[in-house]
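Structure first, then comments.
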């Protein structure tokens with residue numbers, strides 16, 4: 015008789031066409047309940063960039079050393095979770111992403127971050143985990159983040175790596191870690207203990223030398239600047255760069271230079287493209 019033509023590769027008349035096989039999509043595990051979506055996305059990116067830094071370092075001439083091989087094994091154990099595709103989440107304006115682990119934080123920091131950060135945070139979602147109270151104390155407790163204990167291998171992270179974590183988990187504590195870094199690297203005298211007097215500062219800088227004032231959320235330095243200007247009997251004009259056209263800002267600089275008055279720009283981070291113009295005006 016005729017050969018059977020209904021094998022696995024044959025088309026059966028009247029049968030529906032087979033559905034195309036969809037590619038398998040791997041996703042980063044769900045974020046712990048106490049973290050927001052953008053925080054988890056930023057921390058996942060931290061782990062991925064740390065893994066990439068370790069892989070690049072281990073690809074060098076000395077990649078055969080036992081220590082580097084151990085680091086590579088730690089990274090590869092969770093590399094899939096760290097580098098999987100993930101949704102793009104826009105963090106709120108008050109707390110943007112860290113931008114990755116700086117290479118100056120050390121390859122050992124990167125190895126620990128890549129291998130241990132995400133698993134430890136996932137375990138922190140369980141109240142029975144020993145990681146949970148340590149992470150909550152770091153992110154929401156009153157203790158300084160440079161002195162807080164972190165779980166497992168993360169306890170040995172440098173101050174710079176801890177600053178990266180603070181930038182995502184508790185931005186209000188970044189200044190505390192920065193002060194600890196300054197004391198460690200430049201000595202205790204590098205950290206100001208008393209509030210800086212704007213009047214004294216004004217007597218130490220040149221008229222063409224801008225002074226950058228960085229503020230904590232909710233703080234306002236304009237009243238203090240105006241008081242310092244009044245004490246020196248100098249007029250003071252204030253402009254917000256978020257609501258001022260760049261041309262108007264340039265004219266304000268020329269007017270202040272001609273009349274010898276102080277000029278305060280608020281929200282300078284909202285006009286990054288104009289910073290080059292300001293530099294040329296002050297040159």
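In my numbering, the protein residues as written are 15 to 297. C-beta: ideal position from N, C-alpha, C; glycine also.
Requested in this report: Report, in whole angstroms, the separation of the C-beta atoms of residue 222 and residue 296, which I expect to be a contact under 8 Å.
Outcome: 5 Å
Report task. May I ask which residues mark the beginning and end of the alpha helix (DSSP H) holding residue 236? Result -> Per DSSP, the unbroken alpha helix (DSSP H) holding residue 236 starts and ends at 236–245.
Query raised in the report: Leaving out five residues before and five after residue 212 in sequence, what residues of the same chain have Cβ atoms less than 7 Å from its Cβ?
Result: Answer for residue 212: 238, 239, 242, listed in chain order.
Requested in this report: Buried or exposed for residue 281, please, with buried defined as at least 16 other CB atoms from any protein chain shown within 10 angstroms of its CB.
Outcome: exposed
**Report entry** Beta-carbon spacing of residue 276, residue 268 below 9 Å
**Finding:** no
Query - Alpha carbon of residue 289 to alpha carbon of residue 200, nearest angstrom - result: 29 Å
Query raised in the report: Looking at the structure shown, is residue 248 part of a helix, part of a strand, or coil, going by DSSP?
Result: coil
Query raised in the report: Using a Cβ-Cβ cut-off of 8 Å (strictly less than) and excluding sequence neighbours within five positions of residue 166, which residues of its own chain qualify?
Result: Same-chain partners within the cutoff: 130, 134, 145.
Query raised in the report: Under a three-way DSSP split, which group does residue 191 fall into?
Result: Helix at residue 191.
Query raised in the report: In terms of DSSP beta bridges, what is residue 264 paired with?
Result: According to DSSP, residue 264 bridges with nothing at all.
Query raised in the report: Does the Cβ of residue 287 have 16 or more other Cβ atoms within 10 Å, making it buried, or fewer, making it exposed?
Result: exposed
Query raised in the report: In angstroms, rounded to a whole number, what distance separates the CA positions of residue 63 and residue 177?
Result: Roughly 16 Å between the two C-alpha positions.
**Report entry** Of the residues 157, 292, 123, the one placed nearest residue 261, counting alpha carbons only
**Finding:** Selected option, being the one with the closest Cα: 292.
Query raised in the report: Would you say residue 232 reaches chain D, if we count a Cβ-Cβ gap shorter than 9 Å as a contact?
Result: No chain D is part of this structure, which consists of one protein chain only.
Report task. Go ahead and label residue 214 buried or exposed: buried means 16 or more other beta carbons lie within 10 angstroms of its beta carbon, across all protein chains shown. Result -> Burial check for residue 214: the Cβ neighbour count within 10 Å stays below 16, so the residue is exposed.
Report task. List the endpoints of the continuous beta strand (DSSP E) containing residue 52. Result -> From DSSP, residue 52 is part of no beta strand (DSSP E) but of the alpha helix (DSSP H) over 51–72.
**Report entry** Segment limits, beta strand (DSSP E) that includes residue 278
**Finding:** Taken as a continuous stretch (DSSP letters only), the beta strand (DSSP E) holding residue 278 covers 276–280.
**Report entry** Cut-off 7 Å between Cβ atoms - residues of its own chain near residue 308, not counting five sequence neighbours on either side
**Finding:** Only positions 15 to 297 of the chain appear in this structure, which leaves residue 308 out of reach.
Query raised in the report: Who are residue 295's beta bridge partners in DSSP?
Result: Bridge partners of residue 295 according to DSSP: none are assigned.
Query - Beta-carbon contacts of residue 194 that lie in its chain and below 6 Å, excluding the five residues immediately before and after - result: In the same chain as residue 194, and ignoring 5 residues on each side of it, the C-beta atoms closer than 6 Å to its own belong to 160, 173, in chain order.
Query raised in the report: Under a Cβ-count criterion, where at least 16 other Cβ atoms within 10 Å of its own Cβ denotes burial, should residue 236 be classed as buried or exposed?
Result: exposed
Query raised in the report: Going along the chain, which residues of its own chain have a beta-carbon closer than 6 Å to the beta-carbon of residue 143, five neighbours each way excluded?
Result: 137
Query raised in the report: Among 158, 120, 141, which residue has its Cα nearest to the Cα of residue 190?
Result: 158
Query raised in the report: Nearest to residue 54 by CA position, among 121, 181, 67, is which residue?
Result: 181
**Report entry** Simplified DSSP assignment, three categories, for residue 143
**Finding:** coil
Query raised in the report: Should residue 123 and residue 171 be called a contact, given that it needs their Cβ atoms to be closer than 9 Å?
Result: yes
Query raised in the report: Do you know how far the Cα of residue 228 is from the Cα of residue 273?
Result: Taking the straight line from one Cα to the other gives about 27 Å.
Requested in this report: Look at the Cβ atom of residue 258, then the Cβ atom of residue 278, and state whether they are nearer than 9 Å.
Outcome: With respect to the 9 Å criterion, residue 258 and residue 278 are not classified as neighbours on the basis of their beta carbons.
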